[in-house]
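Chains as they are written, first to last, in my numbering: chain A, 14 to 244; chain B, 14 to 244.
Beta carbons: idealized from backbone N, C-alpha and C, even for Gly.
A short worksheet on the structure shown next.
2 protein chains.
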Amino acid sequence: MSGTLRAVVLLSGGLDSATVLAIARAEEFDCYALSVDYGQRHRAELNSAVQVAAVLGAHEHRVMRIDLAGIGGSALTDASIAVPEQPNAGIPVTYVPARNLQLLALAAGWAEVLDASDIFIGVNAVDYSGYPDCRPEFIDAFEATLRVGTRAGVEGRALRVNAPLIRWSKSRIIREGLARGVDFAITTSCYQSDALGRACGRCDSCRIRAEGFAAAGVADPTRYVDAENHP
Amino acid sequence: MSGTLRAVVLLSGGLDSATVLAIARAEEFDCYALSVDYGQRHRAELNSAVQVAAVLGAHEHRVMRIDLAGIGGSALTDASIAVPEQPNAGIPVTYVPARNLQLLALAAGWAEVLDASDIFIGVNAVDYSGYPDCRPEFIDAFEATLRVGTRAGVEGRALRVNAPLIRWSKSRIIREGLARGVDFAITTSCYQSDALGRACGRCDSCRIRAEGFAAAGVADPTRYVDAENHP
């Protein structure tokens, strides 16, 4: 192995994970971007991930399939549950059961094969406070599981799980991303973007993203379905 | 919900997981059997799983796909790595990186949707001492991760992860399975069984299984490719 450390970076194609990839690249990791096709409605995200990985210089980008639609139970994977267009209390219907656990488990498997030292994930406990698997306690517990449950952990090379955005506001994420060269115009956050990759401007994710650009004092580069009427 | 508790039972189609399903049924759980097609070579296992789930009275049986072959790194999912036919020291090449982590993560996702209270998995720390993810430390750490990373955990209904075989010898697993009505003739353990579902009689898994029947003093019901010459 060369002196460069390898990292598996979970890349959804959204604003957060693009910033995470830029952070890992700025820290000089050799980055292996991993996107997971879990039957999500918003396939435009995966198209964005391909562009983001290329532009930010990932060493390799893989898209793996996992059958979370077979589990059901979320508006993001189950067409019979509507995506909400109003903020809601508690755990949102867009929560995909144990999703980040699946994503991190896949990342850990690939990291083992690559002999990578680090995993990066763009979870955020501020905007997604209703998602149990976006909290620091979850990341810490998962890292502890890798210490005892993987080859690297048993051999004393515990995989680090980095969640650099976990306590950042959306406006800070946007500013930190811009400072590292992220082009947010090629990212997709909308839960129900159309066939052309345009954002609905009405779902929770669109609302949080638009508020982030406003709070950061940065022009919103998002392409909306209705360019005249969005958050 | 009725008074019956629900359990998601990971069912590979092998000897161990069949015994686990029989244990969960004997404890009167309403059992949701989950098999995962992770690109393993031994597809005969999945055919066995279908039969085992039906015979032992699982309420439902699902087969989910996950793309572990895309990760590579194991003789069980990568055709370029040979399945060993001699016992080896350390972590075997048949170790699939973070496999039990993936299986448990899927089980946890389905358990959340079902509002199940328990997950059952047939890991065993005795015969597979080289696999880091077959150890009690791993199961405990994973259960702790579910307490903080799932909806049920956050709402105070922590999912239990049961690994009843974890400290049992293969011969005890066989005796306990027989006592609960398991028909081991329909289970498949071989890492490289043929198109007819017959066991090679030479891989690690065949060797451990055959030694188990011998130690239990029970006739081995396995169908071997070479009926005259096997462990």
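Considering only DSSP beta bridges, list what residue i is partnered with.
{"i": "B:E73", "result": "B:Y45"}
{"i": "A:L23", "result": "A:L47"}
{"i": "A:I79", "result": "B:I79"}
{"i": "B:R173", "result": "B:D131"}
{"i": "A:Y237", "result": "A:A212"}
What are the start and end residues of the alpha helix (DSSP H) that includes residue i?
{"i": "B:A228", "result": "D217 to A229"}
{"i": "A:F133", "result": "No alpha helix (DSSP H) contains A:F133, which is instead part of the beta strand (DSSP E) from D131 to F133."}
{"i": "B:V65", "result": "A57 to V68"}
{"i": "A:V33", "result": "L28 to A39"}
{"i": "A:L191", "result": "K183 to A192"}
{"i": "A:P149", "result": "P149 to G162"}
Give me, in chain order, the residues of the same chain whose beta-carbon lies closer than 7 Å to that of residue i; leave out the 5 immediate sequence neighbours on both sides.
{"i": "A:M14", "result": "Here A:M14 scores only 44 on pLDDT, less than 50, and its place in the model should not be relied on; the value that follows carries that caveat. Excluding residues within five positions, the ones whose Cβ falls inside 7 Å are D128."}
{"i": "B:A35", "result": "L69, G190, R193, G194 and V195"}
{"i": "B:P149", "result": "A138 and I179"}
{"i": "B:G230", "result": "none"}
{"i": "B:E3", "result": "This structure does not reach residue 3 of chain B, given that chain B is present from 14 up to 244, and the question cannot be answered."}
Return the Cβ separation of residue i and residue j in integer angstroms, given the expectation that the two are a contact with Cβ distance under 8 Å.
{"i": "B:L172", "j": "B:A118", "result": "About 12 Å; that fails the 8 Å criterion."}
{"i": "A:R112", "j": "B:R78", "result": "In fact, because the Cβ distance is near 16 Å, the residues do not count as touching under 8 Å."}
{"i": "A:A20", "j": "A:I132", "result": "7 Å"}
{"i": "B:D218", "j": "B:C203", "result": "The question names Asp, yet the displayed sequence has Ser at residue 218 of chain B. Contact holds; Cβ gap of about 6 Å."}
{"i": "A:A39", "j": "B:V161", "result": "Actually they are not in contact, since the Cβ atoms of A:A39 and B:V161 sit about 30 Å apart, beyond 8 Å."}
{"i": "B:I152", "j": "B:A124", "result": "Not quite, the Cβ-Cβ distance comes to about 15 Å (not below 8 Å), so this is no contact."}
{"i": "A:G214", "j": "A:V238", "result": "7 Å"}
{"i": "A:P256", "j": "B:V126", "result": "Since the first residue of chain A shown is 14 and the last is 244, residue 256 of chain A is not available in this structure."}
Leaving out the 5 sequence neighbours to the left and right, which residues in its chain are closer than 6 Å to residue i when beta-carbon positions are compared?
{"i": "B:T235", "result": "A212"}
{"i": "A:A31", "result": "V65, V195 and T200"}
{"i": "A:L18", "result": "F42 and S130"}
{"i": "A:A240", "result": "none"}
{"i": "A:H74", "result": "A46 and A66"}
{"i": "A:A71", "result": "C44 and A46"}
{"i": "A:N242", "result": "none"}
{"i": "A:A198", "result": "P234"}
{"i": "B:W228", "result": "This sequence places Ala at residue 228 of chain B; Trp is not what is there. Excluding sequence neighbours, B:A228 sits near S184."}
Excluding the 5 residues flanking residue i on each side, which residues of the same chain have their C-beta closer than 8 Å to its C-beta?
{"i": "A:C147", "result": "N113, V136, N137, A138, Y141 and I179"}
{"i": "A:D80", "result": "Y51 and G52"}
{"i": "B:L159", "result": "A121, A165, G166, A171, L172 and V174"}
{"i": "A:W181", "result": "N137, V139 and E189"}
{"i": "B:A232", "result": "F226"}
{"i": "A:A37", "result": "A20, V22, C44, D131, F133 and N175"}
{"i": "A:E156", "result": "A171, L172, R173 and V174"}
{"i": "A:Q115", "result": "V49, Y51, I79 and L81"}
{"i": "A:Y186", "result": "Reading off the sequence shown, one finds Ile at residue 186 of chain A, where the question assumed Tyr. Taken in chain order, the residues that qualify are L28, D29, T32, N137, L178 and G225."}
Would you mind reading off the limits of the beta strand (DSSP E) that contains residue i?
{"i": "B:R211", "result": "No beta strand (DSSP E) holds B:R211; DSSP gives it neither H nor E."}
Is there at least one non-hydrogen atom of the ligand PLP closer than 8 Å to the beta-carbon of residue i?
{"i": "A:G194", "result": "Among the components of this structure there are no ligands whatsoever, and the ligand PLP is therefore not found."}
Can you confirm whether the stretch 22-32 of chain B touches the stretch 223-238 of chain A when touching is taken to mean that 3 or more C-beta pairs between the two stretches lie within less than 8 Å?
no
Would you be able to state if there are at least three C-beta pairs under 8 Å between the stretch 156-167 of chain B and the stretch 36-56 of chain B?
no
Is the stretch 34-50 of chain B touching the stretch 59-66 of chain B, taking contact as three or more C-beta pairs under 8 Å?
yes
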